[in-house]
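When we follow my numbering, the leftmost residue of the sequence shown carries the number 4, and every step to the right adds one.
Read the structure below first, then the notes.
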Amino acid sequence: MRRKCLLAARLLPRALAVVVLVVCAFTGQSTKAQSSQPPFPVQWQRPDQTKPLEDKSVQDTPQQHAPTAAEISKNETVASALLGSLHYQEYEVRSAAEAMPEEKYGYRPAEGKFKSEKPEFGPAEVRTFAEQVKHVACSNFGFAAEFDGQKPPEACDKGGPSPAKSKKELLIYLRDSFAAIRKSLGAIGAKNMFDPIEGPYAGPNTRLGLATVVVWHAADHYGQMLLYLRENGIVPPASRPHPPELHEQY
């Protein structure tokens, strides 16, 4: 198993290689039943991210100490390590989608600033904000389908088959897509992380390899979405002193 990890790390870019080596460190541990785990590992949750500090008396209350690496390693699993990384990306992407006003969902950077290299998008076009949201959601569902050995939705590059158009519909679509992919990553353990995965989105691959794609893909598009927010004078929620909670109902 260790040899497989080292070989996989050598073939990947440095950022992904680090993820592989970290996850491989947990292969000697038994994987806990995922149904008993919370959606996100507790040690990865920022207090100001999950519960906005609006009451000054709460702000003055000493925070619990952050867990040490030794404390984390006692209960860490392959799944919790992956879910911990996904947690931040889900917050960044979904909070950005919530923050953009509906009338700005059709916004795209002006022609000439950015130019698409993909002919199917037309000359000098990049995605609108709505198309960014829809692409991330469709891709998450596509990755989840591949983890399950199912046929993924087609044409996620163009938003896929979902009829979602309004801000509310897109927020629900995005929320549900992250729920689906959390379930997929939560089922990865030491015994199956190198199982083969086939499919048009980042395949052929392994479960662990596809999991790293899930995380960096969300990060890639968040990097674009935050620029859309900034160009419209909006501070991304994840960059605020006290990031607001995500909504679960829309």
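C-beta: ideal position from N, C-alpha, C; glycine also.
DSSP three-state label for residue 235, please.
Stepping through the sequence shown from its first residue, residue 235 is reached at position 232. In the structure shown, residue 235 sits in coil (DSSP, three-state: anything other than H, G, I, E or B).
Length of the line joining the Cα atoms of residue 237 and residue 177:
Taking the first residue of the sequence shown as position 1, residue 237 is located at position 234. Taking the first residue of the sequence shown as position 1, residue 177 is located at position 174. So the alpha carbons of these two residues sit roughly 20 Å apart.
CB-CB length for residue 146 against residue 187, believed under 8 Å:
Numbered from 1 along the sequence shown, position 143 holds the residue referred to as residue 146. Numbered from 1 along the sequence shown, position 184 holds the residue referred to as residue 187. 7 Å between Cβ atoms; contact.
Based on Cα-Cα distance, which residue from 213, 230, 129 and 156 lies nearest to residue 140?
Translated into the one-based positions of the sequence shown, residue 140 becomes position 137. Minimum Cα distance to residue 140 is reached at 156.
Let me know if residue 130 comes out buried or exposed under the rule of 16 or more other beta-carbons within 10 Å of its beta-carbon.
For the purposes of this step, residue 130 is taken as residue 127 along the sequence shown, with counting starting at 1. Answer is buried; the Cβ neighbour count reaches 16.
Assign residue 240 to one of two classes, buried (16 or more other C-beta atoms within 10 Å of its C-beta) or exposed (fewer than that).
To locate residue 240, count along the sequence shown from 1; it is residue 237. Buried, by the Cβ-count rule.
Could you please give me the residues that DSSP links to residue 199 through a beta bridge?
Here the question's residue 199 lines up with position 196 in the sequence shown. Its beta-bridge partners are 209.
In angstroms with no decimal places, state the Cα-to-Cα distance between residue 201 and residue 68.
Position 198 of the sequence shown, counted from the first residue, corresponds to residue 201. Position 65 of the sequence shown, counted from the first residue, corresponds to residue 68. Answer to the nearest angstrom: the Cα atoms are 43 Å apart.
Where residue 153 and residue 163 are concerned, what is the direct C-alpha to C-alpha distance, given to the nearest angstrom?
Within the sequence shown, residue 153 is the residue found at index 150, counting from 1. Within the sequence shown, residue 163 is the residue found at index 160, counting from 1. Computed Cα separation, rounded: 16 Å.
Kindly give me the distance between the Cβ atoms of residue 134 and residue 225, rounded to whole angstroms, as I take these residues to be in contact under 8 Å.
Walking along the sequence shown from the start, residue 134 turns up at place 131. Walking along the sequence shown from the start, residue 225 turns up at place 222. With 8 Å as the limit, residue 134 and residue 225 do not qualify as a contact, their Cβ atoms being about 15 Å apart.
Which residues in the same chain have their Cβ closer than 6 Å to the Cβ of residue 228, if we skip the five residues on either side of it in sequence?
Residue mapping note: residue 228 aligns to position 225 of the sequence shown, counting from 1. Once the five neighbours on either side are set aside, the close Cβ partners of residue 228 are 99 and 135.
Can the beta-carbon of residue 181 be found less than 8 Å from the beta-carbon of residue 248?
In the sequence shown, counting from the first residue as 1, residue 181 sits at position 178. In the sequence shown, counting from the first residue as 1, residue 248 sits at position 245. Going by C-beta atoms, residue 181 is not nearer than 8 Å to residue 248.
So, residue 137 versus residue 235, is the Cβ gap smaller than 8 Å?
Taking the first residue of the sequence shown as 1, we reach residue 137 at position 134. Taking the first residue of the sequence shown as 1, we reach residue 235 at position 232. Not a contact, by the Cβ cut-off of 8 Å.
Would you kindly report the start and end of the unbroken alpha helix (DSSP H) that includes residue 129?
Residue numbering aside, residue 129 sits at position 126 when the sequence shown is read from its first letter. First-last for residue 129: undefined, no H or E at that position.
Can you tell me where the alpha helix (DSSP H) with residue 1 in it begins and where it stops?
For the chain, the structure presents residues 4 to 253; residue 1 sits outside this window and is missing.
Measure how close the beta-carbons of residue 1 and residue 105 come, nearest whole angstrom, since I'm counting them as under 8 Å.
This structure cannot settle anything about residue 1, because the visible part of the chain is limited to 4 through 253.
Measure how close the beta-carbons of residue 232 and residue 102 come, nearest whole angstrom, since I'm counting them as under 8 Å.
Start at 1 with the first residue of the sequence shown, and residue 232 comes out as number 229. Start at 1 with the first residue of the sequence shown, and residue 102 comes out as number 99. Sure, about 6 Å apart at Cβ, within 8 Å.
Residue 189 burial status per 10 Å Cβ neighbour count (16 or more: buried)
To locate residue 189, count along the sequence shown from 1; it is residue 186. So residue 189 ends up on the buried side.
Taking DSSP as the reference, what is the three-state secondary structure of residue 86?
As a first step, residue 86 is located in the sequence shown; it is residue number 83 there, counting from the start. Residue 86: helix per DSSP, three-state reduction.
Boundaries of the alpha helix (DSSP H) in which residue 76 is found, first to last residue
As a first step, residue 76 must be located in the sequence shown, where it is residue number 73. Per DSSP, residue 76 belongs to the alpha helix (DSSP H) from 72-78.
Does the Cβ of residue 204 have 16 or more other Cβ atoms within 10 Å, making it buried, or fewer, making it exposed?
Position 201 of the sequence shown, counting from 1, holds the residue named residue 204. The residue in question, residue 204, is buried, as its Cβ has 16 or more Cβ neighbours within 10 Å.
C-beta neighbour in chain B for residue 233, strict 8 Å
Among the chains in the structure shown there is no chain B, since it carries only a single protein chain.
Quick one: grab the DSSP three-state call for residue 245.
Here the question's residue 245 lines up with position 242 in the sequence shown. Correct three-state label for residue 245: coil.
According to DSSP, is residue 220 helix, strand or coil?
Numbered from 1 along the sequence shown, position 217 holds the residue referred to as residue 220. Helix.
Which residues in the same chain have their Cβ closer than 6 Å to the Cβ of residue 150, if we skip the five residues on either side of it in sequence?
In the sequence shown, counting from the first residue as 1, residue 150 sits at position 147. Correct list, in chain order: 187.
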